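Residue numbers (the UniProt record's numbering): 1 to 292.
Even for Gly, the Cβ is constructed at its ideal location relative to N, Cα and C.
Given the structure is predicted, the values throughout are model-derived calculations rather than measurements.
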């Protein structure tokens, strides 16, 4: 059945039978036969077909969602079985929220590839909410996230502590607490762990910014702050180069920095050797940079 689901998922993601057949190294009639057999098995038509495309109907959407989860579980099971007699190798799908994924994870991956070249990692960078959902649906092996998330039945391990500080352009002088409500605040999008920390900061310090600008990238926020567009609350991990280059300054406000935790999340206690090795490297090498 896993092969039928694999063919079905490929057809859906490629958008038509011919591209799916090419991807699967099958003939188009063979692909069509697999889909027809799967539809007979589940007792419902799953795809709306035209000469140009195929689209999921309501039943197909339900099957597609669960097929992705089933295939993820099957792949994970096979890796665990293979690992019983083999060294750390094979695929490892890693998810991370932006802060950790863009500023810390690359250094961990360099060490992983140096010590374990037979491990084949793929990395997905998204906000905390999206990574947690992918882990819950068995589409990622492991995730590193900040903030809180509502998905149940996830295994959570605290990994590291991060410091959140207010940053402004070094072109601006004499920034103090009086500027916090008057200045433009540049913030991340809802669902981001950084945005969650920013909202908590506003609540804790009873601040109601007159103007918010919402950007979907920490790098874009840093560039905008450097240019004098506004101020922001960012992770100390993300601003090390800018502090060295003296393009950003930390605003010293009583009660800061705010501390937040990063966690590792997984779905199952059964781990491949590749995942065990990666988690060990995470625990040993996740260090908090010193503030300037």
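In this structure, residue 128 places its C-beta atom within 8 Å of the C-beta atom of residue 191.
Burial of residue 103 is indicated by the presence of at least 16 other C-beta atoms within 10 angstroms of its C-beta. Assignment of residue 249 by DSSP, reduced to helix, strand and coil, places it in the strand class. Cβ neighbours of residue 181 within its own chain (closer than 8 Å, five residues either side excluded): 207, 208, 209, 210. Put simply, of 262, 252, 198, 187 the residue whose alpha carbon is nearest the alpha carbon of residue 225 is 187.
CA-CA distance, residue 55 to residue 168, rounds to 49 Å.
Residue ranges of uninterrupted alpha helix (DSSP H) with 4 or more members, entirely inside the region 20-67 and ordered along the chain, are 28-42. Counted as a single uninterrupted DSSP element, the stretch harbouring residue 183 is not any alpha helix (DSSP H), since DSSP gives it neither H nor E. Boundaries for residue 143: no alpha helix (DSSP H) harbours it, while the beta strand (DSSP E) harbouring it runs 142-146, taken from the DSSP string. For residue 108, the uninterrupted alpha helix (DSSP H) run begins and ends at 105-115, by DSSP.
Taking residue 142 as reference, the option from 68, 277, 201, 15 with the minimal CA-CA separation is 277.
According to DSSP, residue pairing for residue 262 in a beta bridge involves 146, 160. In the three-state DSSP reduction, residue 124 falls in the strand class (E or B). Nearest in C-alpha terms to residue 232, of all of 137, 198, 259, is 198. Between residue 65 and residue 49, the alpha-carbon positions lie close to 19 Å from each other. Cβ neighbours of residue 60 within its own chain (closer than 6 Å, five residues either side excluded): 46, 47. With 16 or more neighbouring CB atoms inside 10 Å of its own CB, residue 242 falls in the buried class. Contact check for residue 237 against residue 212 fails: the beta carbons are separated by 8 Å or more. Of the candidates 178, 189, 117, 280, 189 places its Cα closest to the Cα of residue 214. Note on the region 203-247: whole beta strand (DSSP E) runs with a minimum of 3 residues are 211-214, 232-235, in chain order.
By the neighbour-count criterion, in which a residue is buried when 16 or more other Cβ atoms sit within 10 angstroms of its Cβ, residue 284 is exposed. When only Cα atoms are considered, residue 33 and residue 20 end up about 13 Å apart. Around the beta carbon of residue 270, a 10 Å sphere encloses fewer than 16 other beta carbons of the protein chains shown; the residue is thus reported as exposed. Cβ-Cβ distances below 6 Å link residue 114 to nothing in the same chain once the five nearest sequence neighbours on each side are left out.
In the structure shown, residue 88 adopts coil according to DSSP, grouped into three states.
In its own chain, leaving out the 5 sequence neighbours on each side, no residue places its CB closer than 6 Å to the CB of residue 130.
Between residue 135 and residue 105, the gap from beta carbon to beta carbon reaches 8 Å or more.
C-alpha of residue 157 to C-alpha of residue 96: approximately 14 Å in a straight line.
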